[in-house]
Amino acid sequence: MKLPLLLAALTLAPHVRADFPNEATRTYRVQQTVTLSGIPDGAKSVKWWIAIPDDERFQEVLDFAVTSAPGPWRIVTEPDHGNRFMLVEVAHPAASSLSSKVEFTVRRRPVFVDLVPAQAGAITDTHRRLFVDELRTDAPHMKVTPRIAKLANDSCGAETNIAKQAQLLLTAVADYADHYSKDPTKPKCSLGDAEDCMTNAGGCCTDLHSMFIALARARGIPARLQMGYRLREANEGKETDPGYRCWAEYFVPNYGWIPADIVEADDPKGLGRARWFTGLTERRLWLNEGREFDLAGRAVTAKRVNTMVIGYAEIDGVEARVIPDGDLPAQLSRTVFYTEQKPAGAVAAR
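Per mature numbering (1 follows the signal peptide of the UniProt record, and there is no 0), the sequence shown runs over residues -18 to -1, 1 to 332.
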């Protein structure tokens, strides 16, 4: 984990409110299978980085095992964010698709930050030095463009309190943009871009959270992206494609890094904005932080890897498709089978 994350853990004081009695720390046993497809006949080599879980402030990986891999593998760490990935290398793949499977036990706890604006501090020069990356206004797909800056300033007006500004910006995104699950006309698969979200008034979760991150940075509030997926109660005991779910974190002095999921907050059937603007439930698995990854050993070095939703792969030095390209489907997919591990004699809250 990065130093800012460790420092933030000292100040953040999450808890579960009585409003959400079904939330509790839970332990899950998870089998995750990732498949790379569309490997052409005669391919000579595959390099394949796979997103795997690690410890995080609200998550403990209690055990982890690679149960199958199509070739030699090792765990690698990328330098900028400290994320761990599983790297698999296959020479002369014998099939058009390859699968890797990991099993792990993970303990997750819910977080809710009771954010009191009067107790929020101000962003100082020390914060600005510490969170240079999280304040970048020129980050790919999260740039502070003139219309991003205008919306941020229009939303916040003369407000200077960091906590109040963050809430105003989260509300602005939730009011302006819709996730494709709420409005099917919105783009479903994209790079996750703040300007695209402005243009389309919605998109995927990465579009919405990139827009918020850009708005926050426009106001000098550190913000960053987190990636993972949900462990939905309805999917327990079933092998399913969990999709993915990203979320944002914003920094408030005297509180630390606060997670927010705008998509869940804007779900008319969900728990509402008060729950999701300052926290997450425990039914979520964290995989990695940030974007623009510098994965050592890549053949394609002219650009960085935008996100690690499922992973990244190169076949004979050519990038595999991580999102659909026209009529061509994505080449990476993931399925998950999980069960909740309960203490002997315990009855789960429902």
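The beta-carbon is built from N, C-alpha and C at its ideal position, and this holds for glycine as well. The model shown is predicted, which means the values in this text are computed figures rather than measured ones.
For the 9 Å CB-CB criterion, R90 and L267 form a contact.
Checking the DSSP bridge columns, you'll see G185 partnered with H161. Taken in chain order, the complete alpha helix (DSSP H) segments of 4 or more residues contained in the stretch 32 to 114 are 107 to 112.
DSSP lists E231 as the beta-bridge partner residues of P241. Within 10 angstroms of the beta-carbon of G185 lie 16 or more other beta-carbons, which makes it buried. The way I'd put it, the stretch 164 to 182 doesn't touch the stretch 64 to 81; fewer than three beta-carbon pairs between them come closer than 8 Å.
Straight across, the Cα-Cα distance linking D223 with V318 is about 6 Å. If you look at I130, you'll find it in the alpha helix (DSSP H) that goes P128 to C138. Contact check for V12 against F86 passes: the beta carbons are separated by less than 9 Å.
Under the DSSP assignment, A121 falls outside any beta strand (DSSP E); it carries neither an H nor an E label. Annotation: E301 to A281 spans about 9 Å, alpha carbon to alpha carbon. Distances from the CA of G53 to each of L18, T263, R257 and M193 were compared; the closest alpha carbon is that of L18. Counting every other CB atom within 10 Å of its CB across the protein chains shown gives V98 a total below 16, marking it as exposed. DSSP, read as helix, strand or coil, puts R316 in strand. Residue environment for I195: buried (at least 16 other C-beta atoms within 10 angstroms of its C-beta). By DSSP's assignment, T222 forms a beta bridge with V318.
If the five residues before and after C179 are omitted, its C-beta is found closer than 7 Å to the C-beta atoms of A159, G185, D189, L190, S192 and M193, all from its own chain and listed in chain order. Check the Cα spacing between S163 and each of C187, P92, L44 and F46: the tightest is with C187.
For the pair R111 and I105, the Cα-to-Cα distance works out to about 11 Å.
Looking at the backbone, the Cα of V28 and that of A312 are separated by about 16 Å.
In the structure shown, the three-state DSSP call for V155 is helix. Assignment of L277 by DSSP, reduced to helix, strand and coil, places it in the coil class. Distance from V48 to R316 at the Cβ level is roughly 15 Å; contact not present, criterion being Cβ atoms closer than 8 Å. Where A295 is concerned, the enclosing beta strand (DSSP E) starts and stops at G293 to I297. In the structure shown, D178 falls within a helical segment according to DSSP collapsed to helix, strand and coil.
Rounded to the nearest whole angstrom, the C-alpha separation of G293 and F259 is 28 Å.
Residue pairing of W30 in beta bridges, as defined by DSSP: V70 and A295. With a cutoff of 9 Å on beta-carbon distance, L69 and I32 are scored as near each other. With contacts defined as CB atoms closer than 9 Å, G64 and E274 fail to qualify as a contacting pair. Contact annotation: the stretch 207 to 224 does not touch the stretch 143 to 155, with fewer than three C-beta pairs closer than 8 Å. In this structure E264 is in contact with E5, their Cβ atoms being roughly 6 Å apart against a cut-off of 8 Å. Between the C-alpha atoms of D115 and E42 there is a straight-line separation of about 26 Å. Under the 10 Å beta carbon count, P241 is surrounded by 16 or more other beta carbons and is classified as buried. In this structure, D248 keeps its C-beta atom at 9 Å or more from the C-beta atom of H123.
In the three-state DSSP reduction, N270 falls in the strand class (E or B).
Cα atoms of Q14 and K220: separation of roughly 12 Å, rounded to the nearest angstrom.
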